[in-house]
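Visitor:
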Amino acid sequence: MIPEYNLKSKIDNCPVCNSNKLKILVGYEKNHLVRCKKCTFVFSNCKPTHKELDKVYNSYIRDDNKRTELTLKKMHLIVDNIIKKTNAKRVLDIGCGDGAF
Ligand SMILES: [Zn+2]
């Protein structure tokens with residue numbers, strides 16, 4: 000279960016353009032989602048505390064054992080293709096996954 004976020008750690012400026020002109024996203028108030036009026040970036044303006052993050056990640060169970068060999072090969076193939084096409088030296092995976100690659 001995800002703990003309630005501490006409202007004292009509210010984010011007042013857009014992390015992309017630093018504007019403080021934010022509009023609450025109607026229907027997503029519970030998730031604290033706001034849209035930056037300047038660059039339209041949507042984000043949660045409620046930052047969890049270190050204590051809250053510890054609580055979430057200490058109870059997080061990885062599902063490494065559920066990945067098949069084929070899935071791992073596909074994941075590596077995707078990363079290899081990204082590196083090959085972009086000549087990147089590093090790849091940052093941004094998303095909801097567990098950072099498997
Ligand atoms: Zn912005």
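In numbering that gives the first Met the number 0, the protein residues as written are 0 to 100.
C-beta: ideal position from N, C-alpha, C; glycine also.
Would a C-beta distance cut-off of 8 Å place residue 13 and residue 38 closer than the cut-off?
Guide: What you label residue 13 is simply residue 14 of the sequence shown in a count that begins at 1. What you label residue 38 is simply residue 39 of the sequence shown in a count that begins at 1. Yes; because the gap between Cβ atoms is below 8 Å, this pair is in contact.
Visitor: May I ask whether a heavy atom of ligand 1 can be found less than 7 Å away from the beta carbon of residue 18?
Guide: Taking the sequence shown and counting its residues from 1, one reaches residue 18 at position 19. Indeed, a heavy atom of ligand 1 lies less than 7 Å from the Cβ.
Visitor: Could you check if residue 78 belongs to the surroundings of ligand 1, using beta carbon to heavy atom distance under 7 Å?
Guide: Sequence index remark: in the sequence shown, residue 78 carries index 79 (1-based). No; taking the cut-off as 7 Å, the Cβ of residue 78 has no heavy atom of ligand 1 nearer than that.
Visitor: For ligand 1, I want to know if residue 15 counts as a neighbour, meaning its beta carbon is within less than 7 Å of at least one of the ligand's heavy atoms.
Guide: For the purposes of this step, residue 15 is taken as residue 16 along the sequence shown, with counting starting at 1. Because some heavy atom of ligand 1 lies under 7 Å away, the Cβ of residue 15 counts as near it: yes.
Visitor: Taking the alpha carbon of residue 27 as the reference point, which residue from 89, 43, 74 and 51 has its own alpha carbon closest?
Guide: Indexing the sequence shown from 1 puts residue 27 at position 28. Among 89, 43, 74 and 51, the Cα nearest to that of residue 27 is on 43.
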